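K.L.:
Supplied in structure tokens, the structure appears directly below.
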Amino acid sequence: RKEVEQDPGPFNVPEGATVAFNCTYSNSASQSFFWYRQDCRKEPKLLMSVYSSGNEDGRFTAQLNRASQYISLLIRDSKLSDSATYLCVVNDPTSGTYKYIFGTGTRLKVLA
Amino acid sequence: DAGITQSPRHKVTETGTPVTLRCHQTENHRYMYWYRQDPGHGLRLIHYSYGVKDTDKGEVSDGYSVSRSKTEDFLLTLESATSSQTSVYFCAISEPGSTDTQYFGPGTRLTVL
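For the protein sequence lines, the chains are Z and X, in the order given. The first sequence runs 48 to 159 under my numbering. The second sequence runs 267 to 379 under my numbering.
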């Protein structure tokens, strides 16, 4: 089992749709969780951190489910500009230092 | 945007030649990282640094070495490049104790022929 798993997609959705991605992680001791956005041939950029109580930033909502070891990202009212790959990132609790494990990403295409 | 630059941005080289990639930051962050990104693998850690002259290996460190003589610079060296090292290389920085967030440089696209 991969340490961090994501559905690669692509998720093809019409403008205005709501779409959700999940990401599962294998180590229950992980404490830090993030969603990054990566546009084609660009660097990953932080979209949002994921907090235990869940958090929202505009059209984006992130949730953490520790019991089932997954995090989710919900995008409401999708825009064409949301088309990108979304990376799930989890800290590596085995390393004792600040190291992170990346999922391979979920590709989203928002269609006009 | 965080102040991170990478040089060169693109490089084509031949098998067996040495290559050095540079990451420069202006944020005074303690941690610096080198990743490679390949289709189907996501980002994989090559080496990281937790301070000047303090470095450690990541999961794909074979064939790579690093050096950090100043807080702001982290160099990645391929001693003898191979075609399997053709990839996109990203540098990242973080400052533990704040948000633990990593910020990435723009990447270097390396092709080894």
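Beta carbons are placed, not taken as given, at the ideal position from N, Cα and C, and that holds for glycine. Here the structure is a predicted model, which is why all the values come from computation and not from measurement.
Just checking: is the beta-carbon of leucine 93/Z within a distance shorter than 7 Å of some beta-carbon in chain X?
P.N.:
Counted from its first residue, the first sequence places residue 93/Z at position 46. It does: the Cβ of leucine 93/Z has a partner Cβ on chain X nearer than 7 Å.
K.L.:
For the beta strand (DSSP E) containing histidine 276/X, list its first residue and its last residue.
P.N.:
For the purposes of this step, residue 276/X is taken as residue 10 along the second sequence, with counting starting at 1. Per DSSP, histidine 276/X belongs to the beta strand (DSSP E) from 276–279.
K.L.:
Identify whether aspartate 104/Z lies in helix, strand or coil by the three-state DSSP scheme.
P.N.:
Within the first sequence, the letter at position 57 stands for residue 104/Z. If DSSP states are grouped into helix, strand and coil, aspartate 104/Z belongs with the strands.
K.L.:
Relative to the C-alpha of alanine 358/X, which candidate in Arg288/X, Val326/X, Ser327/X, Thr348/X has its C-alpha closest?
P.N.:
Residue mapping note: residue 358/X aligns to position 92 of the second sequence, counting from 1. Looking at the Cα atoms, Arg288/X is the closest of the given residues.
K.L.:
Please work out which residues of its chain come closer than 7 Å, Cβ to Cβ, to threonine 337/X, disregarding the five sequence neighbours upstream and downstream, and give them in chain order.
P.N.:
To locate residue 337/X, count along the second sequence from 1; it is residue 71. Once the five neighbours on either side are set aside, the close Cβ partners of threonine 337/X are Asn294, Val318.
K.L.:
With respect to the beta strand (DSSP E) encompassing lysine 323/X, which residues constitute its N-terminal and C-terminal limits?
P.N.:
Stepping through the second sequence from its first residue, residue 323/X is reached at position 57. Start and end: 320–323.
K.L.:
Round the Cβ separation of threonine 65/Z and glutamate 52/Z to the nearest angstrom and send it over; I've been treating them as touching at under 8 Å.
P.N.:
Sequence index remark: in the first sequence, residue 65/Z carries index 18 (1-based). Sequence index remark: in the first sequence, residue 52/Z carries index 5 (1-based). Threonine 65/Z to glutamate 52/Z, Cβ: 22 Å. No contact.
K.L.:
Using a Cβ distance threshold of 8 Å, determine whether the segment 72–84 of chain Z contacts the segment 272–282 of chain X, with at least three qualifying pairs required.
P.N.:
No, the segment 72–84 of chain Z does not touch the segment 272–282 of chain X.
K.L.:
Within the segment 116–141 of chain Z, note down every full beta strand (DSSP E) run reaching 3 residues or more, in order along the chain.
P.N.:
Listed in chain order, the complete beta strand (DSSP E) runs (minimum 3 residues) inside the segment 116–141 of chain Z are 117–122, 131–138.
K.L.:
Out of Pro61/Z, Glu50/Z, Asn69/Z, Asp54/Z, which has the shortest C-alpha to C-alpha gap to leucine 121/Z?
P.N.:
Translated into the one-based positions of the first sequence, residue 121/Z becomes position 74. It is Asn69/Z.
K.L.:
Hey, how far is the Cα of leucine 41/Z from the Cα of phenylalanine 149/Z?
P.N.:
Given that chain Z is displayed from residue 48 to residue 159, the structure contains no residue 41/Z and the question cannot be resolved.
K.L.:
Output needed for threonine 292/X: all residues of its chain with C-beta closer than 7 Å, excluding positions within five of it in sequence on either side, in chain order.
P.N.:
In the second sequence, the residue the question calls residue 292/X occupies position 26. Excluding residues within five positions, the ones whose Cβ falls inside 7 Å are Gly269, Glu338.
K.L.:
So who's on the other strand from alanine 109/Z, going by DSSP bridges?
P.N.:
Counted from its first residue, the first sequence places residue 109/Z at position 62. Looking at the DSSP assignment, alanine 109/Z forms a beta bridge with Asn102/Z, Leu120/Z.
K.L.:
Just to make sure I have the definition right: I need the residues of chain X whose C-beta is within less than 7 Å of the C-beta of glutamate 90/Z. Which are they?
P.N.:
Residue 90/Z sits at position 43 when you count from the first residue of the first sequence. Here the neighbours are Phe356, Phe370, Gly371, Pro372, Gly373.
K.L.:
I'd like to know if serine 360/X contacts chain Z, where contact means its C-beta is closer than 7 Å to some C-beta of that chain.
P.N.:
To locate residue 360/X, count along the second sequence from 1; it is residue 94. Cβ-Cβ to chain Z under 7 Å: yes for serine 360/X.
K.L.:
When you compare the CB positions of threonine 377/X and threonine 352/X, do they come within less than 7 Å of one another, or not?
P.N.:
Position 111 of the second sequence holds residue 377/X. Position 86 of the second sequence holds residue 352/X. Yes, the Cβ-Cβ distance between threonine 377/X and threonine 352/X is below 7 Å.
K.L.:
Closer than 7 Å, CB to CB, is phenylalanine 149/Z near chain X or not?
P.N.:
As a working mapping, residue 149/Z is identified with position 102 in the first sequence. Phenylalanine 149/Z counts as touching chain X.
K.L.:
With 7 Å as the C-beta to C-beta threshold (strictly closer), list the residues of the segment 271–301 of chain X near chain Z in chain order.
P.N.:
So the list reads Tyr297, given in the order they occur along the chain.
K.L.:
Does any residue of chain X bring its CB to less than 7 Å from the CB of tyrosine 117/Z?
P.N.:
Numbered from 1 along the first sequence, position 70 holds the residue referred to as residue 117/Z. No - not a single Cβ of chain X is within 7 Å of the one on tyrosine 117/Z.
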